[in-house]
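Some notes on the structure that comes next.
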Amino acid sequence: MKLPHTLNGNQVLKRLDSALLHTKYKTHRRLQVFATKGTACVRCGVDGVHLLSSVDPGGGHHVDLYTANFVMMTVDHILPRSKGGANTLANYQPMCQHCNGQKGNRLETPVTIPDGHP
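Note that this note's numbering has the sequence shown beginning at 968, numbered continuously upward.
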């Protein structure tokens, strides 16, 4: 699949080997979640398959994980920060940007897949 030129306002530079999640980027907080807890969204199951290097308009470099359809994978707080949740690996879970936006700061037990998910 051809890479888009831009994603989320950032210029895509190149595709990276996903093995880097377990090596070079294993100490990066967000990417550490994917390395230890997997690359699939815990809510809908979509998998992050594209590890991409990009640069934002201000010149900052990013490494982000995207699904096959280039939806960004995010890190969700299981117990939301607004409800006292900590910024710890134990409180993080992988979630696609779509599901994370729908979940917001709610607790979800059991997990349900929303209608209209891409």
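We put the CB at the ideal spot given by N, CA and C, even for glycine.
Closest residue to residue i among the options (Cα-Cα distance)
i              : options                            : result
alanine 986    : Leu974, Gln999, Val979, Leu980     : Gln999
glutamine 1069 : Lys1050, Asn1058, Ala1057, Thr1041 : Thr1041
leucine 970    : Thr1034, Gly1026, Gly1027, Phe1001 : Thr1034
threonine 990  : Val979, Gln978, Thr1003            : Thr1003
proline 1047   : Leu1056, Ala1057, Arg1073, Arg996  : Arg1073
histidine 995  : Gln1064, Thr1055, Cys1066          : Thr1055
glycine 976    : Gly1027, Gly1071, Ala1053          : Gly1027
tyrosine 1059  : Pro1024, Gly1025, Thr1006          : Thr1006
leucine 988    : Met968, His972, Ser1020            : Ser1020
alanine 1057   : His1065, Pro1024, Gln978, Phe1001  : Phe1001
proline 1024   : His972, Cys1066, Gln978, Glu1075   : Gln978
methionine 968 : Pro1061, Asn1036, Asp984           : Asn1036
cysteine 967   : Ser1049, Pro1061, Glu1075, Asp984  : Any answer about residue 967 is impossible in this case: the structure gives the chain only from 968 up to 1085.
Supposed close pair residue i, residue j - CB separation, criterion 8 Å
i            : j            : result
arginine 982 : leucine 1018 : 7 Å
leucine 980  : valine 1022  : 6 Å
Beta-carbon proximity check, residue i vs residue j, cutoff 9 Å
i               : j             : result
valine 1030     : valine 1013   : no
cysteine 1063   : arginine 1010 : yes
isoleucine 1045 : glycine 1052  : yes
Residue i - partner residues in DSSP beta bridges
i              : result
threonine 1034 : Gly1015
methionine 968 : According to DSSP, methionine 968 bridges with nothing at all.
leucine 988    : Beta-bridge pairing links leucine 988 to no other residue.
histidine 1029 : Ser1021
glutamine 978  : Thr973, Val1022
alanine 1007   : Asp1014
leucine 983    : Leu1018
Next item on the list: Could I get the ranges of all uninterrupted beta strand (DSSP E) runs contained in the segment 1032-1074, with 3 residues as the minimum, in chain order?
Entry: Counting only runs of 3+ residues, the beta strand (DSSP E) found wholly inside the segment 1032-1074 occupies 1040-1044, 1059-1063, in chain order.
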